[in-house]
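Just below is one structure, and these are the notes that go with it.
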Amino acid sequence: MTRAALTQHIFSKGSYLCVGLDTDPQRLPDGLPKDAHGVLAFNKAVIDATIDHCVAYKVNTAFYEALGRRGWEVMEQTVALIPDTHFRIADAKRGDIGNTSTQYARAFLQALPFDAVTIAPYMGEDSVRPFLQFEGKWGIVLGLTSNPGAADFELQRLDREGKPMLYEEVMRTVAGWGTTDNLMFVVGATQTTQFETIRRIIPDHFLLVPGVGAQGGSLKDISQKALTPEGGLLINVSRDIIYASSGTDFAEAAGLAAHAYRTEMTGLLLPRLRTIGREPI
1263 MTRAALTQHI FSKGSYLCVG LDTDPQRLPD GLPKDAHGVL AFNKAVIDAT
1313 IDHCVAYKVN TAFYEALGRR GWEVMEQTVA LIPDTHFRIA DAKRGDIGNT
1363 STQYARAFLQ ALPFDAVTIA PYMGEDSVRP FLQFEGKWGI VLGLTSNPGA
1413 ADFELQRLDR EGKPMLYEEV MRTVAGWGTT DNLMFVVGAT QTTQFETIRR
1463 IIPDHFLLVP GVGAQGGSLK DISQKALTPE GGLLINVSRD IIYASSGTDF
1513 AEAAGLAAHA YRTEMTGLLL PRLRTIGREP I
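Quick note, the sequence shown lines up with residues 1263 to 1543 if you use the working numbering.
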């Protein structure tokens, strides 16, 4: 999916919601088998219920790989259920030496119909560039994460006080390896105080922001600090939507939760759309 197509979808829907399909078999509602078959049925019901309210889906590959061969098949079947009108993210966090990254890129961006894959940039440029070689496809590089371990490296300053933090240098450097048309960054929603700094470093790149909802991130705060005239955000929500109910009404509850996020996003996005003469449908 091109940047123009993604932006148009955000404008037309008045939403920048990404639904995270981090489907844990042990959390499936009563009535569904707690196995790969249940995961697929659950995913289909959630996609059907939320598709009118979101612009993207993020498939966390770990939840599928843990199920072995059948889990990989369910991941393939799940992404096939998502129409190409929606941005499809493989949350795989890959990154290795160049020839290995090339194979990872082919796996997710050619063999599977994902539009993007998340990347760990620690091994440097040759580990990232293979993901940026496919037209209409994206690499989404880990920039600043929400986990406690972010303090171990990402938030450490280089050399001494006054120097930039490591994550700032990573973002500044990686931004030069791609373009705003094929490169996004992951920024955790709980890192609210850093969003203004991030927007100074990468004012035009899209950000994929997990951690809103169950993890405590504020949609309003993030949107006020990081939305751009083109949108520029994909806010990922997983547990608050897919596990909105543990009963047989789980799909209906997921749809209602997604609708509520979309409604709030429309209100936050509307002033920016009006500055460029656009209105959501």
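Every residue gets a Cβ at the ideal spot worked out from N, C-alpha and C, and that includes glycine.
Run of the alpha helix (DSSP H) containing Ala1324, from where it starts to where it stops: Per DSSP, Ala1324 belongs to the alpha helix (DSSP H) from 1324-1327.
Taking the alpha carbon of Cys1280 as the point to measure from, which residue in Asp1421, Leu1518, Leu1496, Leu1420 has its own alpha carbon closest? Looking at the Cα atoms, Leu1496 is the closest of the given residues.
If Tyr1319 and Arg1350 are in contact, beta carbons under 8 Å, what's the gap, nearest whole angstrom? Yes, Tyr1319 and Arg1350 are in contact; Cβ-Cβ is about 6 Å, under 8 Å.
Since His1348 contacts Ile1313 with CB under 8 Å, what's their CB separation in whole angstroms? Their Cβ separation, rounded to whole angstroms, is 7 Å, which keeps His1348 and Ile1313 in contact under 8 Å.
Using the three-state DSSP reduction, which class does Arg1524 fall into: helix, strand or coil? In the structure shown, Arg1524 sits in a helix (DSSP, three-state: H, G or I).
Would Pro1383 and Thr1364 be called neighbours here (beta carbons separated by less than 7 Å)? No, the pair does not count as a contact, with Cβ atoms beyond the cut-off.
Bridge partner(s) assigned by DSSP for Ile1497: Ile1497 has Leu1279, Val1471 as its beta-bridge partners, per DSSP.
Start-to-end residues for the beta strand (DSSP E) that takes in Trp1400: Note, Trp1400: beta strand (DSSP E), 1400-1406.
For Arg1524, collect the residues of the same chain with a Cβ closer than 8 Å to its Cβ; drop the 5 residues on either side in sequence, then sort them by chain order. Leaving aside the five residues that flank Arg1524 on each side, the residues in its chain whose CB is nearer than 8 Å to its CB run, in chain order, Lys1275, Gly1276, Ser1277, Leu1279, His1315, Cys1316.
Separation of Ala1354 from Arg1461, as counted between CA atoms: The straight-line gap from Cα to Cα measures roughly 25 Å.
Take the Cβ of Gln1482 as the centre, count every other Cβ of all protein chains shown within 10 Å, and call the residue buried at 16 or more, exposed below. Looking at the sequence provided, one finds Lys at residue 1482 rather than Gln. The residue is exposed, with fewer than 16 neighbouring Cβ atoms inside 10 Å.
Residues bridged to Arg1350 (per DSSP): Under DSSP, Arg1350 shares a beta bridge with Tyr1319.
Ala1307 and Ala1506: beta carbons closer than 7 Å? The Cβ atoms of Ala1307 and Ala1506 lie no closer than 7 Å to each other.
Can at least three beta-carbon pairs, one atom from the stretch 1325-1345 and one from the stretch 1372-1390, be found at a separation below 8 Å? The stretch 1325-1345, when compared against the stretch 1372-1390, does touch it at the 8 Å Cβ threshold.
If you measure between the beta carbons of Phe1447 and Val1403, is that distance less than 7 Å? Going by C-beta atoms, Phe1447 is nearer than 7 Å to Val1403.
Would you check if there are 3 or more beta carbon pairs closer than 8 Å linking the stretch 1449-1459 to the stretch 1401-1416? Touching, per the Cβ criterion.
Between the C-alpha atoms of Arg1332 and Thr1510, what's the straight-line distance to the nearest angstrom? Distance between the alpha carbons of Arg1332 and Thr1510: 25 Å.
Taking all protein chains shown into account, decide if Ser1508 is buried (16 or more other Cβ within 10 angstroms of its Cβ) or exposed. The residue is exposed, with fewer than 16 neighbouring Cβ atoms inside 10 Å.
Classify Ile1359: buried if its beta carbon has 16 or more other beta carbons within 10 angstroms, exposed otherwise. By the 10 Å Cβ count, Ile1359 comes out exposed.
Tell me which residues share the same chain as Arg1422 and place their Cβ nearer than 6 Å to its Cβ, disregarding the 5 neighbours each side in the sequence. Here the set comprises nothing.
How is Ala1367 classed by DSSP in three states: helix, strand or coil? Here Ala1367 sits in helix by DSSP.
Please state if the CB of Lys1425 and the CB of Glu1458 are separated by a distance shorter than 7 Å. When the beta-carbon positions are compared, Glu1458 and Lys1425 stay at least 7 Å from each other.
When the Cα of Gly1494 is compared with those of Ala1515, Pro1295, Gly1479, Leu1469, which residue comes out closest? Cα-wise, what sits closest to Gly1494 is Leu1469.
Between Ser1480 and Thr1454, how many whole angstroms is the CB-CB distance? I'm expecting something under 8 Å. About 7 Å separates the two Cβ atoms, so the contact holds.
For Ala1522, collect the residues of the same chain with a Cβ closer than 8 Å to its Cβ; drop the 5 residues on either side in sequence, then sort them by chain order. Excluding positions up to five away in sequence, the list is empty.
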